[in-house]
Every structure is written in C-alpha cells, then in structure tokens.
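The next block holds one structure in the form of structure tokens; read it before the comments.
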Amino acid sequence: MAEPRKHTTAAELLADWRLAGRDTAAAHAAEKIAEMALVAAALAEDAANEVEIAAAAALEAVERAQSAANRARAAALQAGEAAHLALMTAEGDRARAGQSVQDAEAAEAEAQERYRGASEKGFPHG
C-alpha cells in the first residue's frame, strides 16, 4: 500500500478516509476469498485422498475377481476331466453290462433247451 499523502483540508482528509475505508473493505474481501480458497483446497485434498483410497479398493477388487476367475477356471477344467473319466468308465460299464446281458441270455437259452430236452424225455427222476 502506498504512503498516504499529507492532506490538510477537510475534503482531502475525508477523501483519504473514504479511500482507506475502500482499501480496508477490499482487504477484508481478499481475506475472505483466501479463507474460502483454503477451505476449497482442503476439501479438494480430502476428495483426492478418498479417490485414491477408492482406486486402491477397486484395484484390489479387480485382483480378487481375477484370482477367483482363475480358481473357477481351474475347477471347471478339473470338473471336465472328472466328467471325461466318468464317461469313459460308464462306456466300459455299458460294454460289460451288454456282455453280461448276452451271457445271461445265452445261459437262459441253454437252461431253456435243457429243460425242454428233459421235458421231452420225461424228466429224470432222482
């Protein structure tokens, strides 16, 4: 602020007083703006910190999701392998069951033939 001039008349003194009052009002306004800027900067800093925390949490969530997806993929591969083994076992069981049916049918036909043969001969008494 400039050095006030030395005025001696009432009009000059009144003008100096009014000018000083305007300077004081401007200084108060500037002080208020500086306070508001300080509050805004503090809020911006808090918001930036919260964004940083949220970004870290999001990154952790993505990493956990990726890990879970990898475990799910591994489990699905194991389930696929188990299903393939079960299918191969079932195919073998079906083949053995088919052979058992054929053997049983052959044994039944043979027993039927023996029965009929014995029936035609009058069944042995024993």
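Numbering (the working numbering), first residue to last: 2 to 127. Built from N, CA and C at the ideal position, the CB exists for glycine as well.
Exercise for the section: From the DSSP output, in three-state form, read off Gly123 for me. Expected result: Taking the sequence shown and counting its residues from 1, one reaches residue 123 at position 122. Three-state result, Gly123: coil.
Practice task
Give the DSSP-derived three-state secondary structure of Thr25 in the structure shown.
Solution key: Here residue 25 is taken as the residue at index 24 of the sequence shown, counted from 1. Assigned with DSSP and collapsed to three states, Thr25 falls in helix.
Exercise for the section: Kindly indicate which three-state DSSP category Lys33 falls into: helix, strand or coil? Expected result: Against the sequence shown, residue 33 aligns to sequence position 32. Looking at Lys33 - three-state DSSP - the assignment turns out to be helix.
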